[in-house]
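J.: The structure follows.
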Amino acid sequence: MRLILRGTLWFVLYLFLILLPLATAALFQPARLSPSMLTEVAVALGFIGFSLMALEFALISRVKTAAAIFGDDALQLFHNLMGAVALGFIVAHPMLLVVRDYPAQCWLNPFSDCASRSTITAFVALLAVLLLVATSIWRKQLRLKYEIWQIAHGLLALVAVLGALFHIFIMGRYTSMPQMQVVWGVYSVVLIYLIVWNRLIKPILHWRRQWEIVENRVERGDSRTLVFKPVGHSGFDFEPGQFAWIKMGRSPFTVGQHPISISSPGDVEPGGTVAFTIKNLGDWSGGRVPAAKPGDRAWLDGPHGVFSSDREQGMGYVLIGGGVGVTPLYSMAQTMAQRGDVRPVYLFYGAKTWDDIIFREELETLQGRMNLKVIYVLSQAHEGWEGETGFVSEELLKRHLPKQYKRFVYLICGPDPLMDAMEKALPALGVPPDQVQTERFAMV
Amino acid sequence: MHHVLVKRFSVALSTLLVIAAFAFALLVRG
């Protein structure tokens with residue numbers, strides 16, 4: 478209940494900040510009214526689009542109190558969706574004005590004779606938002622390197638918000654009132670704070686929390702496990718299932734950080750090592766990760782995430798993983814074995830082939846150490862394979878789970894098709910939704 | 816949190832914001 482209350486409070490704050498410019502403008506109206514109702518709708522859409530865009534920075538600022546309620550992957554998805562929604566509002570703003578006879582050539586062509594400072598800043602902001610959303614949706618199709626995209630994403634976001642702010646101030650109709658000046662001032666200060674915190678203060682704080690790679694070993698399924706050791710500090714403990722952002726380079730200001738699940742067991746002693754298992758998906762995971770060698774420096778921002786077997790207690794656990802999505806589940810199983818937990822654990826592990834199964838030998842050993850049953854599901858099974866084939870489904874779960882399965886806790890991590898299938902299968906099996914935790918690993 | 820919920824929530828919020836934009840115009844234009 479407390480969680481719902483806290484979640485509601487965060488939502489109310491979010492909604493308040495989106496509607497703040499609109500509410501202030503409605504309460505303290507400007508001296509000169511706009512020529513029509515449609516123009517005011519356009520203005521309102523513009524204000525909402527701006528607020529949504531500005532708050533996008535906050536959604537991905539890794540505020541732990543908010544992430545603890547919603548989950549980092551849900552916040553990331555919400556950030557992605559609201560980015561597209563903001564684009565809709567921002568595009569609708571000039572479109573309505575053009576319908577209301579505003580000269581399109583002045584607003585959409587910064588080189589036309591009638592272009593002014595207000596039209597140019599609006600055009601720049603609009604172009605930045607369009608590029609921002611397009612490069613995010615089609616990053617892979619455009620073959621943009623993740624690190625390049627990350628830099629461009631930050632810069633375009635900044636250009637979009639600053640362009641919009643300049644546009645609002647140059648237009649002046651809603652900045653002439655002191656109340657509105659305070660609102661825009663607050664927005665500017667919060668934005669600057671978030672950017673300075675994330676890009677400057679956080680890396681400086683991380684400087685003293687250096688990590689060193691002590692091992693880089695090859696795993697099955699075209700994956701690698703990197704083991705990190707804290708240098709000059711005690712490292713961190715984590716709940717099994719959590720993840721950290723990995724940054725490899727000479728300084729914490731290095732561009733490019735990657736959210737990776739921790740694959741080693743929890744309950745780490747101070748100064749203990751932490752391991753991450755990374756699948757080769759090209760880019761960083763196919764180039765930088767295989768090249769990493771013992772002694773290389775790294776910075777870990779973590780632990781993050783609410784996806785953990787420690788957060789939900791049940792009479793047993795059902796872990797459902799696909800591909801490299803098994804890594805947080807493997808961490809959970811190892812932690813339970815380490816703690817001598819005797820509760821039953823069922824691991825449904827979907828992979829392409831027998832050779833793609835990461836931690837195959839380790840899982841076999843683990844089955845002897847704890848009450849664990851692993852059910853491998855191969856989508857491209859070899860001849861003679863007697864286990865499950867195809868994909869994890871409602872029928873397959875039914876075949877293997879014990880009678881009391883509705884009292885178990887379900888933890889699912891994997892690619893979108895698996896997650897979508899399970900979000901339908903588990904309710905159909907009568908598993909209460911509050912006993913299901915999910916994490917999509919392709920969150921960025 | 817279920818992703819279907821996040822998507823539904825985003826759609827509901829967007830609808831609410833469109834309504835807010837029209838409400839604003841009505842308020843301002845009296």
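Protein chains in written order, with the working numbering: chain A, 478 to 921; chain B, 816 to 845.
Using N, Cα and C, we set each Cβ at its ideal position, and we do this for glycine too.
Since the structure is predicted, the reported quantities are computational estimates derived from the model, not experimental observations.
Only counting the same chain, and skipping five residues up and downstream in sequence, which positions put a Cβ closer than 6 Å to that of THR485/A?
T.: Excluding sequence neighbours, THR485/A sits near nothing in its chain.
J.: Can you tell me which of the three DSSP states VAL921/A falls into?
T.: In this prediction, VAL921/A scores a pLDDT of 48, lower than 50, which makes its location untrustworthy; the coordinate-derived value is nonetheless stated afterwards. Three-state DSSP puts VAL921/A in coil, outside helix and strand.
J.: What's the C-alpha gap between GLU838/A and HIS630/A?
T.: About 41 Å.
J.: Which same chain residues, not among the five before or five after LEU621/A, have their C-beta less than 8 Å away from its C-beta?
T.: Excluding positions up to five away in sequence, the list reads THR612, ALA629.
J.: Tell me the rounded alpha-carbon separation between ALA599/A and LEU635/A.
T.: Taking the straight line joining both Cα atoms gives about 14 Å.
J.: Residues in its own chain within less than 7 Å of LEU903/A by CB, not counting five upstream and five downstream?
T.: Closer than 7 Å at the Cβ level, and outside the excluded window around LEU903/A, lie TYR887, VAL913.
J.: In chain A, which residues lie less than 7 Å from ALA757/B when you measure between Cβ atoms?
T.: With chain B covering only 816 through 845, there is no way to say anything about residue 757/B.
J.: Cβ closer than 8 Å: which chain A residues qualify as neighbours of ALA835/B?
T.: Simply LEU496, LEU499, ALA521, ILE525.
J.: Runs of 3 residues minimum, wholly inside the segment 785-823 of chain A: which ones carry the beta strand (DSSP E) assignment?
T.: You should have 794-799.
J.: Would VAL562/A pass as an interface residue toward chain B - the criterion being a Cβ-Cβ separation below 9 Å?
T.: Closer than 9 Å: yes.
J.: Tell me whether ASN675/A sits in a helix, a strand or coil according to DSSP, three-state version.
T.: If DSSP states are grouped into helix, strand and coil, ASN675/A belongs with the helices.
J.: I'd like to know if the segment 747-758 of chain A and the segment 667-675 of chain A are in contact, where contact means that at least 3 CB-CB pairs between them fall below 8 Å.
T.: The segment 747-758 of chain A vs the segment 667-675 of chain A: no contact.
J.: So ALA898/A and PHE868/A are supposed to be a Cβ contact under 8 Å. How far apart are they, rounded?
T.: Between PHE868/A and ALA898/A the Cβ distance is about 7 Å, and since that is below 8 Å, they are a contact.
J.: Apply the 10 Å Cβ neighbour rule to MET725/A and answer buried if 16 or more other Cβ atoms are within range, or exposed otherwise.
T.: Looking at its Cβ environment, which holds 16 or more other Cβ atoms inside 10 Å, MET725/A is buried.
J.: Taking Cβ-Cβ distances shorter than 9 Å, what residues in chain B pair up with ARG917/A?
T.: Going along chain B in sequence order, the residues near ARG917/A (Cβ under 9 Å) are HIS818.
J.: Helix, strand or coil: which one does DSSP assign to GLN627/A?
T.: DSSP places GLN627/A in helix when its eight states are reduced to three.
J.: For LEU529/A, tell me which candidate among THR542/A, GLY817/A, GLY565/A, THR501/A has the shortest Cα-Cα distance.
T.: When each option's Cα is compared against that of LEU529/A, the closest is GLY565/A.
J.: Could you check what DSSP says for MET725/A in three-state terms: helix, strand or coil?
T.: The answer is strand: DSSP assigns MET725/A an E or B state.
J.: Is the segment 776-795 of chain A touching the segment 704-717 of chain A in the sense that three or more CB pairs, one from each, lie closer than 8 Å?
T.: Counting Cβ pairs under 8 Å, three or more are found: they touch.
J.: In or out: GLN719/A buried (at least 16 other Cβ within 10 Å) or exposed?
T.: GLN719/A comes out buried.
J.: Over the uninterrupted alpha helix (DSSP H) stretch that includes LYS901/A, give me the two end residues.
T.: Start and end: 893-906.
J.: Helix, strand or coil for LEU820/B per DSSP?
T.: LEU820/B: helix per DSSP, three-state reduction.
J.: With distances taken Cα to Cα, identify the nearest neighbour of SER595/A among SER653/A, SER700/A, MET648/A, ILE681/A.
T.: The candidate whose alpha carbon is nearest that of SER595/A is MET648/A.
J.: Taking only beta-carbon atoms, is GLY800/A less than 9 Å away from chain B?
T.: Output row for GLY800/A: interface = no.
J.: For the alpha helix (DSSP H) that contains ILE597/A, what are its first and last residues?
T.: That run of the alpha helix (DSSP H) goes 594-614.
J.: Report the residue from ASP699/A, TYR664/A, HIS877/A whose alpha carbon sits nearest the alpha carbon of GLY764/A.
T.: Closest option to GLY764/A, Cα to Cα, is ASP699/A.
J.: By a C-beta neighbour count over all protein chains shown, 10 Å radius and 16 as the cutoff for buried, is SER593/A buried or exposed?
T.: So SER593/A ends up on the exposed side.
J.: Is the Cβ-Cβ distance between ILE739/A and PRO771/A less than 9 Å?
T.: No; because the gap between Cβ atoms is not below 9 Å, this pair is not in contact.
J.: Check whether the Cβ of GLU900/A lies closer than 9 Å to any Cβ atom in chain B.
T.: It does; some Cβ of chain B falls within 9 Å.
J.: Using 9 Å as the limit for Cβ to Cβ distance, is GLN844/A near chain B?
T.: It does not; no Cβ of chain B falls within 9 Å.
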